[in-house]
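Let me begin by presenting the structure, written as structure tokens, before commenting on it.
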Amino acid sequence: MNRLTTITLLEKGKNKILLQPIRLAVHQPCSIMEAVSPANELYHVYFYKQQFLAAKKVTRSRRSSYLEQAFTKGIVFLCPHPAATLLLVNHEHVKNRSLTDLLQYVKKRFSPLEIAQIFRCFDSLIQPDKLFKVMRESYYEYRREGKWGKAYSVLLTLEEAFPSHEWVTHTKRDPSFSSYHKIYQSMDQTLLKKDPSTMEWLLWKNRSHAPYRSLWFNTFGSQSSHTIAVFSLLYEQQLTNDTSLATHFLETANHLFTQTELTQILLQLASDPSASASILRQAFRQAVKLHAWDDAMKTFIDHPFPLELQDIKCLTEAIPHVKWDNPQLPLEKLSRTLVPVLKNQKKDLDMILTACIPILSRSHDLHDLLHWLKPLNDHQCKLPVQQTLQQLSHYAEDPDKQFQAGELYYKLGLKKEAIDSFNWEIELHPDDPSPVRRLCSLYHELGQTDEAAVYQQLLKSM
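Add 980 to the 1-based position in the sequence shown for my numbering, that's all there is to it.
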């Protein structure tokens, strides 16, 4: 269970608004949490390096805005999620800021370049001309100080927010900036010292390229203000074919989250079609470790992976505890997944398949159930459950075999069908006490004492 799932926003006039997170977009330079109030009003809560900036009620959304980019090109988690919980640990109660207050706040704490980068993230909330003025002021401040490199960095940020603005386009052509074009276009590593804040979002923006992703990790990965971004990037990488950082991902997740949260994260990863065998294995083992038996089995059935000795032990441990009637378990897939794995552990396999028959029979006839057991033939594995079903398929509609059919239904846990067969047998052979005796016993098992008493009385009169 998540440690914290809400954030209390303190507005002016001592007004408090309880916000329930919906999703979190981890992006650079700002991450954005989307949340909803009790009045069903949507808010966007902005964070810079895991520190709260401001929260704004959603009134409109601009195409190609930073907000849109964050939720389409950032790393997005649906809430509740442990990453969102971690972000909120130090933000249970936050005092909101107007954009004017925010500008004063950031001017006291950040460089002019960072101010431009932060306010670029609010482009869907600020009138374009006002935003442009705030950002350009950072540019002019550096120009006055003769810091051409920093001024060029601000230009790049302005270009992100205003890609077709005439002033930006014209100013970038200034001969004074000619030496910077190639350095920034190639993301020269010397910029990591000269201009880390710009390199941070440039590398993040190009994180799909392994060298840039590695460079981001090596440069910013050890900073405490980037723990959520580090985890998010590692999380995202687990959904690619690159498993080189799988161990680093698990170590990071183990350090940041509780075991329950780690299980939630791994199970979410495992549910993705692109999840690697390594992630599937870790999710399965972690679920068994926390006795989340059904989750472990669902993971394995949905996404089979090669079992190692430890996994076989985990599977054997989980089997007696799984609730096979759990509607979340994909039983239709179970036989073709488990038979190849447990074909030499026939007792366990027969127990599992037999336990699933009553559940599957609600929507499948005998022919379907036999087809469901076909993997047994494919792997030359003979089990009592299949033999019982085959025999039952011959007896079920035979008037002369209803007593035997009733016994076979009962053996498979199909008590309602067994009752029907025994009743049919009584109609055909009213003087035979055997089906009456079985019905009396069956109704007792089902707790239907009145019906049991009727057949007990009938048995006495025979």
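Yeah, the Cβ is synthetic: ideal placement off N, Cα and C, and Gly gets one too. Fair warning: this is a prediction, and the values are worked out from it, not measured in the lab.
Tell me where the beta strand (DSSP E) around residue i begins and ends.
{"i": "C1010", "result": "C1010 to V1016"}
{"i": "V1056", "result": "I1055 to L1058"}
{"i": "Q1325", "result": "Neither: Q1325 is in no beta strand (DSSP E) and is coded neither H nor E."}
{"i": "V1031", "result": "The sequence given here has Gln at residue 1031, not Val. That run of the beta strand (DSSP E) goes Q1031 to K1037."}
{"i": "L1022", "result": "L1022 to Y1028"}
Please work out which residues of its chain come closer than 8 Å, Cβ to Cβ, to residue i, disregarding the five sequence neighbours upstream and downstream, and give them in chain order.
{"i": "W1304", "result": "L1311, I1332, A1335, C1336 and I1339"}
{"i": "P1413", "result": "L1439 and M1442"}
{"i": "N1403", "result": "P1415 and L1419"}
{"i": "S1373", "result": "L1346, H1347 and L1350"}
{"i": "D1358", "result": "V1319"}
{"i": "F1051", "result": "R1003, A1005, I1012 and E1014"}
{"i": "K1174", "result": "G1129"}
Grab the span of the alpha helix (DSSP H) containing residue i for me, first residue to last.
{"i": "Q1000", "result": "It is not in any alpha helix (DSSP H) - Q1000 instead sits in the beta strand (DSSP E) that spans K996 to V1006."}
{"i": "T988", "result": "Run containing T988: none in the alpha helix (DSSP H); it sits in the beta strand (DSSP E), I987 to L990."}
{"i": "H1228", "result": "A1226 to L1236"}
{"i": "W1147", "result": "E1146 to K1152"}
{"i": "R1077", "result": "Counting along the chain, R1077 falls outside any alpha helix (DSSP H), and DSSP gives it neither H nor E."}
{"i": "K1391", "result": "Q1382 to K1391"}
{"i": "T1220", "result": "Where T1220 is concerned, there is no enclosing alpha helix (DSSP H), given that its DSSP letter is neither H nor E."}
{"i": "R1417", "result": "P1413 to E1425"}
{"i": "Y1400", "result": "Correcting the residue identity first, residue 1400 is Asp in this sequence and not Tyr. Per DSSP, D1400 belongs to the alpha helix (DSSP H) from K1395 to L1408."}
{"i": "S1177", "result": "P1176 to K1185"}
{"i": "A1250", "result": "Q1239 to A1250"}
{"i": "L1353", "result": "L1353 -> no alpha helix (DSSP H), and no H or E assigned at all."}
Suppose you measure from the CA of residue i to the CA of residue j; what does that come to, to the nearest Å?
{"i": "S1044", "j": "H1235", "result": "36 Å"}
{"i": "M1179", "j": "L1172", "result": "6 Å"}
{"i": "H1409", "j": "L1356", "result": "37 Å"}
{"i": "K1113", "j": "K1088", "result": "19 Å"}
{"i": "L1318", "j": "A1064", "result": "36 Å"}
{"i": "Q1366", "j": "A1250", "result": "32 Å"}
{"i": "A1272", "j": "T1296", "result": "14 Å"}
{"i": "N1306", "j": "R1342", "result": "13 Å"}
{"i": "H1061", "j": "L1353", "result": "39 Å"}
{"i": "P1143", "j": "L1260", "result": "43 Å"}
{"i": "A1255", "j": "A1263", "result": "10 Å"}
{"i": "R1124", "j": "M1115", "result": "15 Å"}
{"i": "F1285", "j": "G1393", "result": "31 Å"}
{"i": "F1211", "j": "L1066", "result": "11 Å"}
{"i": "K1268", "j": "A1298", "result": "Note that residue 1268 is Val in the sequence shown, not Lys. Spanning the two alpha carbons is a distance of roughly 7 Å."}
{"i": "P1176", "j": "S1166", "result": "15 Å"}
{"i": "H1007", "j": "S1017", "result": "23 Å"}
{"i": "K1326", "j": "L1363", "result": "7 Å"}
{"i": "I1095", "j": "T1137", "result": "10 Å"}
{"i": "A1398", "j": "V1321", "result": "32 Å"}
{"i": "Q1000", "j": "A1035", "result": "13 Å"}
{"i": "A1141", "j": "H1206", "result": "24 Å"}
What is the DSSP secondary structure of residue i, counted as helix, strand or coil?
{"i": "K1440", "result": "helix"}
{"i": "V1069", "result": "coil"}
{"i": "V1302", "result": "coil"}
{"i": "K1127", "result": "coil"}
{"i": "K1362", "result": "coil"}
{"i": "I1106", "result": "coil"}
{"i": "Q1169", "result": "coil"}
{"i": "C1518", "result": "No answer is possible for residue 1518: the residues shown for the chain start at 981 and end at 1442."}
{"i": "A1096", "result": "helix"}
{"i": "F1090", "result": "coil"}
{"i": "F1285", "result": "coil"}
{"i": "N1198", "result": "helix"}
{"i": "P1143", "result": "coil"}
{"i": "S1205", "result": "helix"}
{"i": "A1272", "result": "coil"}
{"i": "A1255", "result": "coil"}
{"i": "Q1367", "result": "helix"}
{"i": "Q1428", "result": "coil"}
{"i": "D1330", "result": "helix"}
Less than 7 Å between C-beta atoms, sequence neighbours within five positions excluded: which residues of the same chain meet that for residue i?
{"i": "Q1371", "result": "L1388"}
{"i": "E1216", "result": "I1055"}
{"i": "L1135", "result": "Y1119, V1148, T1151 and K1152"}
{"i": "V1302", "result": "W1273, D1274 and M1277"}
{"i": "R1316", "result": "P1355"}
{"i": "S1258", "result": "T1223 and A1226"}
CB-CB under 6 Å to residue i, same chain, minus the five flanking residues each way: which ones, in chain order?
{"i": "P1009", "result": "Q1097 and W1181"}
{"i": "M981", "result": "Residue placement at M981 is poorly supported in this model, since its pLDDT is 40, which falls under 50; the coordinates still yield a value, given next. Closer than 6 Å at the Cβ level, and outside the excluded window around M981, lies no residue."}
{"i": "R1193", "result": "R1187"}
{"i": "L1289", "result": "none"}
Quick one: any contact between the region 1016–1034 and the region 1116–1133, if contact means 3 or more CB pairs under 8 Å? Result no; under three Cβ-Cβ pairs closer than 8 Å.
Does the region 1075–1088 come within contact of the region 1046–1062, defined as at least 3 CB pairs closer than 8 Å? Below 8 Å, too few C-beta pairs join the region 1075–1088 and the region 1046–1062 to call them touching: fewer than three.
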